[in-house]
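Colleague: One structure is given below, represented as structure tokens, and several questions about it will come after.
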Amino acid sequence: MPSINRANRTEDHLASYAESVLNILKAYKSCPSHVKPLVEAIFTSGVEIMEKNSKIDLEDLQVLRHVETDMDNQNDIGVPRAPRRL
Numbered sequence: 004m005p006s007i008n009r010a011n012r013t014e015d016h017l018a019s020y021a022e023s024v025l026n027i028l029k030a031y032k033s034c035p036s037h038v039k040p041l042v043e044a045i046f047t048s049g050v051e052i053m054e055k056n057s058k059i060d061l062e063d064l065q066v067l068r069h070v071e072t073d074m075d076n077q078n079d080i081g082v083p084r085a086p087r088r089l
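Quick look at the structure:
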């Protein structure tokens, strides 16, 4: 699984992204059924980004981490929100 390998490489520019994708995937079984399509989409797009070795911008990473935090807190996340700008 590409996300496991990438998450373990600290020098990899996608390590943090891969770690977030992996953590979201781990919450898949316990998440509500209406959230599962979001998790599937995150995983699919995450694998594609890692396979292409794409660059990600900070805002995309922040949104992904927001979803990850909500999944960790077992909140009903629905659709990820973009981070608020100060």
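Quick note, the sequence shown lines up with residues 4 to 89 if you use our numbering. We treat Cβ as the ideally placed atom computed from N, Cα and C, and that holds for glycine.
(1) Quick one: what's got a C-beta closer than 8 Å to N76's C-beta in the same chain, skipping five residues either side?
(2) For K32, name the three-state secondary structure that DSSP assigns.
(3) Taking contact to mean at least 3 C-beta pairs separated by less than 8 Å, is the stretch 60 to 73 in contact with the stretch 14 to 25?
(4) Got a sec, what are the start and stop residues for the alpha helix (DSSP H) S48 sits in?
(5) With distance defined between alpha-carbon atoms, name the residue in E14, I27, N11 nearest to T47.
(6) Buried or exposed, going by whether 16 or more other CB atoms sit within 10 Å of the CB of I12?
Modeller: Concretely, from the data shown:
(1) Taking the first residue of the sequence shown as 1, we reach residue 76 at position 73. Counting only Cβ-Cβ distances below 8 Å, and skipping sequence neighbours, we find nothing.
(2) Counting from one through the sequence shown, the residue named residue 32 turns up at place 29. Here K32 sits in coil by DSSP.
(3) Counting Cβ pairs under 8 Å, three or more are found: they touch.
(4) Within the sequence shown, numbered from 1, the residue matching residue 48 stands at position 45. 39 to 54 is the extent of the alpha helix (DSSP H) around S48.
(5) On the sequence shown, residue 47 is found 44 positions in, with the first residue counted as 1. It is I27 whose Cα lies nearest to the Cα of T47.
(6) Stepping through the sequence shown from its first residue, residue 12 is reached at position 9. Looking at the sequence shown, residue 12 is not Ile but Arg. Classification of R12: exposed, given that the 10 Å Cβ count is below 16.
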